[in-house]
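Asker:
Residue numbers (the working numbering): 46 to 135.
Right, dumping it as structure tokens:
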């Protein structure tokens with residue numbers, strides 16, 4: 046694709062970024078992201094299980110990091126200190 050998005054030397058065929066929140070479950074999330082063709086997904090680090098709760102479904106299983114680039118966001122943070130702390134953890 047001649048009009049690809051290039052970030053830090055990595056080429057993306059799609060310029061669409063898709064949020065991973067607001068879906069009923071991770072199966073619906075996966076279906077929506079796959080249908081969109083997006084390669085970059087935004088993730089609410091404080092609200093989404095990305096492996097910290099081992100006994101619950103994980104976004105990492107639904108959308109493998111080997112296939113998608115994760116862009117953390119600060120949803121669920123209520124002040125600047127929370128946002129900075131969350132992004133440092135990401």
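Quick reminder that beta carbons are idealized off the backbone N, C-alpha and C, glycines included. Just so it is clear, the structure is predicted and the values come from calculations on it, not from any experiment.
Looking at C-alpha atoms only, which residue of 98, 108 and 49 is the closest neighbour of residue 66?
Answerer: Position 21 of the chain shown, counted from the first residue, corresponds to residue 66. When only C-alpha atoms are compared, the closest one is 108.
Asker: Pull up the DSSP beta-bridge partners for residue 85, would you.
Answerer: Numbered from its first residue, the chain shown carries residue 85 at position 40. Bridge partners of residue 85: 62 and 114.
Asker: Less than 8 Å between the C-beta atoms of residue 62 and residue 116, yes or no?
Answerer: Here residue 62 refers to the residue found at position 17 when the chain shown is read from its first residue. Here residue 116 refers to the residue found at position 71 when the chain shown is read from its first residue. It is a contact, given that the beta carbons lie within the stated cut-off.
Asker: Determine the closest residue to residue 82 out of 58, 102 and 64, with distance taken between C-alpha atoms.
Answerer: Position 37 of the chain shown, counted from the start, is the residue given in the question as residue 82. Of the candidates 58, 102 and 64, the residue whose Cα lies closest to the Cα of residue 82 is 58.
Asker: Looking at the unbroken alpha helix (DSSP H) that takes in residue 92, where does it start and where does it end?
Answerer: Position 47 of the chain shown, counting from 1, holds the residue named residue 92. That residue, residue 92, is in no alpha helix (DSSP H); it is neither H nor E in DSSP.
Asker: With a 10 Å radius around its C-beta and 16 neighbouring C-beta atoms as the bar for buried, classify residue 124 as buried or exposed.
Answerer: By one-based count along the chain shown, residue 124 stands at place 79. Exposed, because fewer than 16 other Cβ atoms sit within 10 Å of the Cβ of residue 124.
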